[in-house]
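2 protein chains.
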Amino acid sequence: MTEHAHDAHHGSGHGHHAHRGGDVEASLERAAATCLARGAQLTELRRQVLRLVLESGQPIGAYALLDRLRGERRGAAPPTVYRALDFLMEQGLIHKIERLNAFVGCAEEPGHGHTHAHPHPHQFLICGRCGSTAEVCDEGVAHAVAGAAARLGFVVHRTTVEVEGICAHCASADATAG
Amino acid sequence: MTEHAHDAHHGSGHGHHAHRGGDVEASLERAAATCLARGAQLTELRRQVLRLVLESGQPIGAYALLDRLRGERRGAAPPTVYRALDFLMEQGLIHKIERLNAFVGCAEEPGHGHTHAHPHPHQFLICGRCGSTAEVCDEGVAHAVAGAAARLGFVVHRTTVEVEGICAHCASADATAG
DNA sequence: GGTCATGATGATACACTATATCATGGTGGC
DNA sequence: GCCACCATGATATAGTGTATCATCATGACC
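Protein chains in written order, with the working numbering: chain A, 1 to 178; chain B, 1001 to 1178.
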């Protein structure tokens, strides 16, 4: 295991939400600092959307976000939330899970070399049983993809890796319960 | 290059379609044989949809398929094409590219160990410049993903790997043209 | 101050993607 | 014949994402 895959669960996944307010606030602060350093404008709207994504603690769809956003923004419409999501993705503060048409906060912890480095390599593990998702940053996967592309002369911009299966929790539940 | 990544271009990509009729016919024959051996029913409708996907030679959306299908099936509706696509994906005869919401014929050549083995490992390289896509089957990527998942106790069912970037053709064009 | 370019947001409408549901019809087992 | 099973027809609706134009704030520049 040389790839130092550091796990990073989103989603309590197994039924309950994850309103770990402290983590959300800390993430928002880091996001603000990152944007400031970069000259990107983390406006009030974008911050609200980021907060909603982080608070959900699991993949959340654009229209679910829109519903929640309307609690604080009267006239919010689809473009309102999509534009904010586009910005947040460009900044690497959130990711989109294509298979789910849903968004999650980036689980990248500070101090792993890159702090929200623009599109950083990441992969998602999606449990088909409980719906939880985990973001992992496995260098081995990133290298293998880069190598395969390079051998074909392909210049990589962004990579989407989404693994659907059964998480450790559900797998062990299956093993005991039959 | 130990992973024996065998390229398999879909899509002439660079402007012209790829109506390589012979290839399409051969693929249809192989598909029929595979389904027969498996007890799966490659009905006329499903065969028509598979043919349309193969003939397009590039990623094609469900509604574009529907339009074309209506040339041969009067009352075709969305469920008509989606049901056929679901079947073809289950059989591994086509793949969906999530980033594009589009479908391509499986480029797996016969004689690589698995013949349309149920979900076989594959990756897509998507050129953001010309829109061409290439399907590759890189064992290194597959192993890296399997390893990362296994270390977390995650049981893999299916893996989606989609790489967005610039293909060799467009990259060299950039290099010469500035 | 005035003008202008830029970028963010508001607001409306629309396009695109996918599924739910019930009805119909064919095939083969019994 | 009857039934179970599967594929398809047909209609309606749900879910996801963009195009477009208007408005407004900010800051550069003259």
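All residues carry an ideal CB built from backbone N, CA and C; glycine is no exception. Keep in mind the model is a prediction, meaning the values are calculated, not measured.
Endpoints, the alpha helix (DSSP H) within which residue i is located
{"i": "A:L69", "result": "62–69"}
{"i": "B:A1040", "result": "Per DSSP, B:A1040 belongs to no alpha helix (DSSP H) and is neither H nor E."}
Three-state class that DSSP yields for residue i in the structure shown
{"i": "B:F1180", "result": "With chain B running from 1001 to 1178 in the structure shown, residue 1180 of chain B is simply not present."}
{"i": "A:R83", "result": "helix"}
{"i": "B:G1165", "result": "strand"}
{"i": "A:A77", "result": "coil"}
{"i": "B:R1129", "result": "coil"}
{"i": "A:R47", "result": "helix"}
{"i": "B:R1158", "result": "strand"}
{"i": "A:E135", "result": "strand"}
{"i": "A:L100", "result": "coil"}
{"i": "B:A1177", "result": "helix"}
Inter-residue Cα distance where the pair is residue i and residue j
{"i": "A:L36", "j": "A:F87", "result": "14 Å"}
{"i": "A:H157", "j": "A:A177", "result": "44 Å"}
{"i": "A:L69", "j": "A:A77", "result": "9 Å"}
{"i": "B:G1071", "j": "A:R74", "result": "47 Å"}
{"i": "A:H4", "j": "B:V1161", "result": "With a pLDDT of 46 at A:H4, under the threshold of 50, the modelled position of that residue is not reliable, and the figure given next carries that caveat. In a straight line, the C-alpha of A:H4 is about 20 Å away from that of B:V1161."}
{"i": "B:E1164", "j": "B:A1032", "result": "32 Å"}
{"i": "B:E1139", "j": "A:F154", "result": "17 Å"}
{"i": "B:R1047", "j": "B:A1064", "result": "16 Å"}
{"i": "B:A1171", "j": "A:A150", "result": "12 Å"}
{"i": "A:Q123", "j": "A:E44", "result": "29 Å"}
{"i": "B:H1169", "j": "B:A1175", "result": "10 Å"}
{"i": "B:E1108", "j": "B:G1147", "result": "23 Å"}
{"i": "B:L1042", "j": "B:S1056", "result": "19 Å"}
{"i": "A:R38", "j": "A:R83", "result": "19 Å"}
{"i": "A:T34", "j": "A:V136", "result": "21 Å"}
{"i": "B:L1152", "j": "B:A1173", "result": "43 Å"}
Contact set for residue i: own chain, Cβ-Cβ below 7 Å, skip 5 residues either direction
{"i": "B:L1066", "result": "A1076, P1078, V1081"}
{"i": "A:V40", "result": "The sequence as given places Ala at residue 40 of chain A; Val does not occur at that position. If we look at A:A40 and ignore the five residues flanking it on each side, its Cβ neighbours are Q91."}
Unbroken beta strand (DSSP E) run spanning residue i, endpoints
{"i": "A:A107", "result": "Unbroken run through A:A107: none, as it is neither H nor E."}
Contacting residues, own chain, Cβ-Cβ under 6 Å from residue i (five flanking each side not counted)
{"i": "A:L54", "result": "V24, S27, G105"}
{"i": "B:V1145", "result": "T1159"}
{"i": "B:H1016", "result": "Since pLDDT at B:H1016 reaches only 44, below the 50 mark, its modelled position is unreliable, and the value read off the structure follows with that caveat. Here the set comprises nothing."}
Cut-off 8 Å between Cβ atoms - residues of its own chain near residue i, not counting five sequence neighbours on either side
{"i": "B:I1094", "result": "L1050, V1053, L1085, L1088, F1103, V1104, G1105, C1106"}
{"i": "A:C167", "result": "G13, L125, C127, R129, C130, S132, A134"}
{"i": "B:A1142", "result": "P1121, T1159"}
Margin query: Measuring CB atoms only, is the region 1118–1129 of chain B touching the region 95–105 of chain A, in the sense that at least three cross pairs come out at less than 8 Å?
Written below: no
Note to self: Could you check whether the region 58–65 of chain A touches the region 25–34 of chain A, counting it as contact only if at least three pairs of C-beta atoms, one from each stretch, sit closer than 8 Å?
What the structure shows: no
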